[in-house]
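Student: Got a structure here, written out as structure tokens. Questions coming.
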Amino acid sequence: MARKPKKQHNPFIRFTSIALQMGLTIWLGSVLGNWLDNIYGNSNQFYFKIITLITVFIAMYSVIKQVVKITNDQNSKNE
Numbered sequence: 205m206a207r208k209p210k211k212q213h214n215p216f217i218r219f220t221s222i223a224l225q226m227g228l229t230i231w232l233g234s235v236l237g238n239w240l241d242n243i244y245g246n247s248n249q250f251y252f253k254i255i256t257l258i259t260v261f262i263a264m265y266s267v268i269k270q271v272v273k274i275t276n277d278q279n280s281k282n283e
């Protein structure tokens, strides 16, 4: 019995969702950092800066990983 190939999403939709995921991750990190600064009374926004920077790196790592996966999927499909 032959397997039905997976339906591939439009690359535009996939990359748009990646951008939204990246923006949401960074925004949530900034909200968390701001909340922690308010809880601990930091006037120099230490937690905001650190957590936002960490979430930027996490989001970039996630984007790179997903783009490499998409590229590998397309390369294997073309072979």
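Using this note's numbering, read the sequence shown as starting at 205 and increasing by one per residue.
Note that beta-carbon positions come from the ideal geometry of N, C-alpha and C, so glycine has one too.
What is the C-beta distance between Ile258 and Gly233, in whole angstroms, given that I count them as a contact (C-beta under 8 Å)?
Tutor: That belief holds up - the Cβ atoms of Ile258 and Gly233 are roughly 7 Å apart, short of 8 Å.
Student: Hey, Gln270 and Ile230: beta-carbon distance below 7 Å or not?
Tutor: Taking 7 Å as the Cβ cut-off, Gln270 and Ile230 do not qualify as a contacting pair.
Student: Taking the alpha-carbon positions, what's the Gln278 to Ser266 distance?
Tutor: Roughly 18 Å separates the two Cα atoms.
Student: Would you identify the three-state DSSP class for Gly245, choosing helix, strand or coil?
Tutor: Here Gly245 sits in coil by DSSP.
Student: Where does Asn279 fall in DSSP's three states?
Tutor: Asn279: helix per DSSP, three-state reduction.
Student: Would you identify the three-state DSSP class for Asn214, choosing helix, strand or coil?
Tutor: DSSP places Asn214 in coil when its eight states are reduced to three.
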